[in-house]
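Protein chains in written order, with my numbering: chain W, 1 to 517; chain D, 1001 to 1517.
Beta carbons are placed, not taken as given, at the ideal position from N, Cα and C, and that holds for glycine.
Here you go:
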C-alpha cells in the first residue's frame, strides 16, 4: 500500500483491502469506463413454483445461500438503533464458525456495539459502511483487521451497481413480507417506513434473505422489495425494539443557538429568493435541519407559496406541511417517526425513494441535484468551505456519511453548524477528514453569522442588502478562536496508518482516516 | 441455417438472423449459464444537473442517442390500436435515411400496418415481437427481410435481461412524464393504465427516449418508469387516439357458445375445488376469459368466498369485484378500459405489475406460477394438449404470444376454445405451430365438453362425480370432424423456409413458422 496525493491534495492509499483504488480526480472528473456489475441468470425451475420461499430459520437460509469464509454480507439500517436482526445474524454466522466476513451495512448504530467481539475474533474482517460511535472508536484505535470504507448512500448504490462491491448474501430485515419475498416497511409491528436502502442489495446480491416478524399471505402490497429478487424468507419473533426503530414523535431542539441558526437559514432562503412558488428543499431529522422547518413554514404561509417537493427523512413536521397543502410531495428516503410511517402508508403523495432515484451518481441524473436547497450539518468546515462529517477534530471517526455527500449537489447547499462545540472551534484551517469539497458548499450558517462561498456571486448579490449577518468565514473563525483560545489541537494520529478511507460519490478515494496514537 | 429437431420434435433453425440459437430442451430443462446483460456505467456529470432532459423533437433525441443503421429500437404496446407514436417514430427514422432497424415492440396492432412500407424499403429489417394481422400476413408471405422472432411477454423481459436482445434505443410513449423522465400511464389525456411492458426497455436500453403529450413538473408521481433510466424527454401533441388506447368500457361476448364455455369454466373451477377462500386466478380481456368472470362472481358470492388476488388485464368487471370486496388485489399487467385506469390511479389495491414480476422465467420465481387457475385462449389444440396461439390452421401468422406461454405455469391452466371456427375444427391431430407444450395445459373447455389432461389425475378425481360434460379430446374431435367434414386441410407451406420462430419462455426455440406457398 502506497499513499498517493489526490486532486484534493489528500493522501490516500492506492490499494485498500487488497483492491486497487482510484484516487479522487475532482468533482465530475472521473468517467467510469467499465460496465455494470453482471450476475448469474436464475431460472424459475430452481425456485418453488407455489412461490413459498420460507425457510425454518436464518441458519438454514444462510447454509442454502452457501455462506462461507470471506464472503460479503449486507444489511440495511432502516431499523436504526432498534435493530436486533444484524446482531442476531452475526451470532448465527459466528456459531457456524465462519470467518473474515466483509460486513456491508447501509449504516451502523450504537446497538451494533454487540459486533465488536466479532470484529475482535475475526468473524468480521472489516466494515464497509458507517462506523458510528463505538464501532468508529474501535476502528480509529486501529483494532479492525481490514480497512474501513465509508461511502455515502448514493456511493453505496454506485459501488454495488458498478460491481465495485459484490454482495454474496443480503439479509434484509422487513417489517412485512409474504412467502415469495415481496416486502415492505410500512406495515407490521416493526414498521420503519421505506426500505430504499436495501434496494441495491435486493437487486444485485447473489442471495437475498428476507427476515420478517410479520409474514402475510401473497401478495404483500406495497412491495418495496420485490420478491422476484428474493431467495429465502425467514420468520422471526421480532426485528427489534419498535420504540428505537422509529420515534413516537420527533422533537425539535430547544438549544437557543441552534434555533437561531435555524431561523437564519429560513430567512436566508427567503432573502436569497429561493423560497418561491414551486421551490424544493432537502431536510433531514438532524437537530438544526428539523428546527428550520417551522421557520420556513411560517415564511411560506406568509408569502402564500407552496413547495413542489421536499426530499429527505420525513417527520411529523413535513407530514403536517404535506397535509396542510404547503408541499406537493414528500420524496422520502428514510422515515423518522410514526407520523412519517403512517403518511407513507396512506398518502400517495408521500413517496418512498431509494439511493438509486435520489443519490446514485452513476445514473442518468438523480434527484439530489434538482433540489433548490439542502440543509446539512458538519463536524468541521475549513476556510475553503471544505467540510468534514465523519470525524471530530480529535481525529476519532464517529459518524457515517449518510446522504450528505450526495446532497451537496443541490442548487444551494447550506451547512448549519454551531461555531464551536465543547469549546472546540468548528471553523478550522484544514478539516481533519475531507468529506465534501468546498466548491460544492455554498453557505455556512452559524449562530454568529452566515458565510457565503465567494464562488456564489449570485447568492452574495441576492442578499447584499439583507439585514442578515453576512460575514466571511475568517471573521467568524477569528471571533471563535478568541473565545476558545485559538485553533483546536491537531489530532494525534499516525499519518502512515490508514484505518479507513472516505470514498467520493463516484467511487474514487477522497480521503484517509488515520489511526489515533 | 440448418433445421434441427428439438425436444418437442419440431424442426427449428440453428441460426436466426445470424445469431446462434438453442433449440427447446423441454420444460424447465434449459439452465442458463451466462450472466445478465451488462451495460455502460453512466455519470450524472453527463446529464443536466437541473434534471431537465427535454429535447425539442424526436429527431434531435434520436440523433443525440446516436441512431444508426442496424440498431435495435424498442417500443411498447400500452397504447394498443390507438398508438401513433410508433408510426411517427419510423417516419422520422425513415426521413433520416436509416436502414435495417430491428424493431422490438412488446406487441404490434393493426394500426402498425403503416410500417409495411418500411419493411418493404429496408428501413426495418425484421420484427421481434408479435406480428399481428397485416404484419403477420406480410411475414407469412415471406416478404420480411429478416426472420421474425415471437416471444411471450416474459420471454421478452428474459431476452433483454439475459443480453439476448440488446436495445440500442428504447422509445417509450408515456401518457404523463416530467422533464426528468419519470413517467406513468395513469394520468393525462392518453392514459392507458400501467407501463409495465416498457420496464425492461427502460432498465436495459443504452438510450431511453420518453415521448409524452402531458409534460408535468417534477416529480411525476407515480413513476412507473423511473427518470433515472431516461436520457431524453420529447413532448408531442398527441400519443394517439384515446378511444382506441383504452375502451370506454369492455363488453362481454353475446355469443351463446362462448357464454356456455365461460359458464363451464366457472363451474369446473368450483367443482374441482379451486374456488375457495383466498384462491387466485388470471383472466384477460379476451372474449371468453372476460365472460367467465360474472359466472365466477356469482359462485363466489353464493359460497361467500373471496379471492386473494387476480392477475391479468383489468376491466370494469374485475374493478367491480375489487370494489365489492370479492378480491383483495388486482395485480395488473395491462389495463383495458377506463374503469381499469381509474382504479389503478386511485386504489392502492390495484397494483401495476410488469413482465419482471409476473412472467420472467429467468428470475427467482414469478407470479404466474403462484396463480391457482389461468383462463386462456388458443387458435388450435391437439390431442396431446399441445396448443397454438400464433397461427391458424391455414398456416398464417396472425397473433402474438402475449403473456400466454407464461400463464401456462399456473396451478391449473384452462384453455377456452370453441370446438370449431368458420367450420374449421380447433382440436387437431397436430398443431400448426407449437406455442405451449401439452404437459402444461391441464384442461380444455369447449362448448361440447371439458377435456382434462390425463396427467392431472387429481383434477380427474376431483370432478369424477360432477354433472359437467367431462369428455376426452378425441371424443370431442370426432364429433366436430363429423360436423365439419373431417380434419382441416394441412397448411400449404414451404417447410424449408422459416419466416419466424417461436421462442419458449427460457429463450430456446420451440417452433418455426413457415412461408405460405
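Helix, strand or coil at residue i according to DSSP, with G and I counted as helix
i	result
residue 1379 of chain D	coil
residue 184 of chain W	strand
residue 1519 of chain D	Any property of residue 1519 of chain D remains undetermined from this structure, which presents chain D solely from 1001 to 1517.
residue 1232 of chain D	strand
residue 1078 of chain D	coil
residue 1021 of chain D	coil
residue 1279 of chain D	strand
residue 156 of chain W	helix
residue 1065 of chain D	coil
residue 1437 of chain D	coil
residue 1504 of chain D	coil
residue 469 of chain W	coil
residue 1087 of chain D	helix
Rounded separation between residue i and residue j - CA only
i	j	result
residue 161 of chain W	residue 353 of chain W	17 Å
residue 177 of chain W	residue 215 of chain W	5 Å
residue 326 of chain W	residue 307 of chain W	6 Å
residue 1174 of chain D	residue 1079 of chain D	9 Å
residue 1344 of chain D	residue 1086 of chain D	25 Å
residue 84 of chain W	residue 496 of chain W	36 Å
residue 510 of chain W	residue 1031 of chain D	43 Å
residue 392 of chain W	residue 1239 of chain D	56 Å
residue 1092 of chain D	residue 1100 of chain D	14 Å
residue 1039 of chain D	residue 37 of chain W	8 Å
residue 456 of chain W	residue 442 of chain W	7 Å
residue 9 of chain W	residue 493 of chain W	18 Å
residue 5 of chain W	residue 1221 of chain D	45 Å
residue 1119 of chain D	residue 1027 of chain D	34 Å
residue 1498 of chain D	residue 1347 of chain D	47 Å
residue 362 of chain W	residue 17 of chain W	23 Å
residue 1317 of chain D	residue 242 of chain W	41 Å
residue 1458 of chain D	residue 223 of chain W	34 Å
heavy atom of the ligand GDP below 6 Å from residue i C-beta
i	result
residue 418 of chain W	Within the structure as shown, the ligand GDP is missing, as the structure has no ligands at all.
Identified DSSP bridge partners for residue i
i	result
residue 1223 of chain D	Its beta-bridge partners do not exist; DSSP assigns none.
residue 352 of chain W	W:332
residue 215 of chain W	W:177
residue 966 of chain D	Because chain D in this structure spans residues 1001 to 1517, residue 966 of chain D falls outside the shown range and cannot be described.
residue 1038 of chain D	Answer is none; residue 1038 of chain D lacks a bridge partner.
residue 1388 of chain D	D:1380
residue 1462 of chain D	BP columns for residue 1462 of chain D are empty, so no partner.
residue 1055 of chain D	D:1234
Pair within 7 Å by beta-carbon distance, residue i and residue j
i	j	result
residue 311 of chain W	residue 288 of chain W	no
residue 1399 of chain D	residue 1390 of chain D	yes
residue 55 of chain W	residue 234 of chain W	yes
residue 374 of chain W	residue 413 of chain W	yes
residue 451 of chain W	residue 473 of chain W	yes
residue 350 of chain W	residue 330 of chain W	yes
residue 149 of chain W	residue 205 of chain W	no
residue 97 of chain W	residue 125 of chain W	no
residue 152 of chain W	residue 505 of chain W	yes
residue 1360 of chain D	residue 1158 of chain D	yes
residue 1209 of chain D	residue 1061 of chain D	yes
residue 1476 of chain D	residue 1449 of chain D	yes
residue 1142 of chain D	residue 1515 of chain D	yes
residue 333 of chain W	residue 358 of chain W	yes
residue 51 of chain W	residue 1365 of chain D	yes
Could you run through the region 1323-1346 of chain D and flag, in chain order, every residue whose CB is less than 7 Å away from some CB of chain W?
1329 and 1331
Closer than 7 Å between beta carbons: that is the criterion. Which residues of the region 1164-1190 of chain D meet it against chain W?
1180
Taking only beta carbons into account, state which residues of the region 1208-1228 of chain D come closer than 9 Å to chain W, listed in chain order.
1208, 1217, 1218, 1219, 1221, 1222, 1223, 1226, 1227 and 1228
Residues of the region 1100-1127 of chain D whose Cβ lies closer than 9 Å to any Cβ of chain W, in chain order:
none
Using a Cβ cut-off of 8 Å, which residues of the region 361-383 of chain W contact any Cβ in chain D, in chain order?
361, 362, 363, 364, 365, 366, 367, 369 and 370
Cβ-based contacts, 7 Å cut-off: residues of the region 432-453 of chain W near chain D:
none
What are the residues of the region 1030-1049 of chain D that lie near chain W, defined by any Cβ-Cβ distance shorter than 9 Å?
1030, 1031, 1032, 1033, 1034, 1035, 1036, 1037, 1038, 1039, 1040, 1041, 1042, 1043, 1044, 1045, 1046, 1047, 1048 and 1049
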